[in-house]
Every structure is written in structure tokens, then in C-alpha cells.
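S.K.: Numbering (our numbering), first residue to last: 26 to 89.
Beta carbons: idealized from backbone N, C-alpha and C, even for Gly.
First the structure, then my questions, so here it is.
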Amino acid sequence: MDLTVGQKATRSLTLTAEHVQKYAEMTGDYNPLHFDEAFAAGTKFGKLVVQGGLTTGVLNALVA
């Protein structure tokens, strides 16, 4: 995609449970915050969250 100064571009991706599972398989990150709804409900997030490395990977893809 060719852009010039002043132009804007958008991109979106909805991360799914499948993304979280595949990332865990590759990295070994099976923290209950990502998989255990009851555990995650008791955290400051209140629900499941994706791994930080997964969101960082998405950010890297946006600027690559």
C-alpha cells in the first residue's frame, strides 16, 4: 500500500480464542488469565484477555 503524507489507512483484526490457543501452543503461555473465565473474572480485567505478546505481534504487523 503506497501512502503519502497526510493520508490515513486503517486495518482491523478481531482476536479470537483460536488465536489465543495457537499463540499458547507456540509460546507455552497458558496463563489462566487467557483460558480460565472464572479466574479472569476475579482480576482487574474481569474477563479473559489475550496474551501481551499476541497484541504486540499485531502492533508490529501494523507498522511493518
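Rounded to whole angstroms, what's the CA-CA distance from Y48 to T29? Just pull it up for me.
M.R.: For the purposes of this step, residue 48 is taken as residue 23 along the sequence shown, with counting starting at 1. For the purposes of this step, residue 29 is taken as residue 4 along the sequence shown, with counting starting at 1. Going by the C-alpha atoms only, they are around 34 Å apart.
S.K.: Alpha helix (DSSP H) containing V88: first to last residue?
M.R.: To locate residue 88, count along the sequence shown from 1; it is residue 63. That run of the alpha helix (DSSP H) goes 77-88.
S.K.: How many whole angstroms separate the CB atoms of R36 and L84, which I take to be in contact at a CB cut-off of 8 Å?
M.R.: In the sequence shown, counting from the first residue as 1, residue 36 sits at position 11. In the sequence shown, counting from the first residue as 1, residue 84 sits at position 59. No, R36 and L84 are not in contact; Cβ-Cβ is about 11 Å, not under 8 Å.
S.K.: My assumption, with CB atoms under 8 Å, is that A66 sits in contact with K72. Please give the rounded CB distance.
M.R.: Translated into positions along the sequence shown, residue 66 becomes position 41. Translated into positions along the sequence shown, residue 72 becomes position 47. That pair is a contact at about 7 Å.
S.K.: Would you kindly check if the distance between the Cβ of D61 and the Cβ of G78 is under 8 Å?
M.R.: Taking the first residue of the sequence shown as 1, we reach residue 78 at position 53. Taking the first residue of the sequence shown as 1, we reach residue 61 at position 36. Contact: no.
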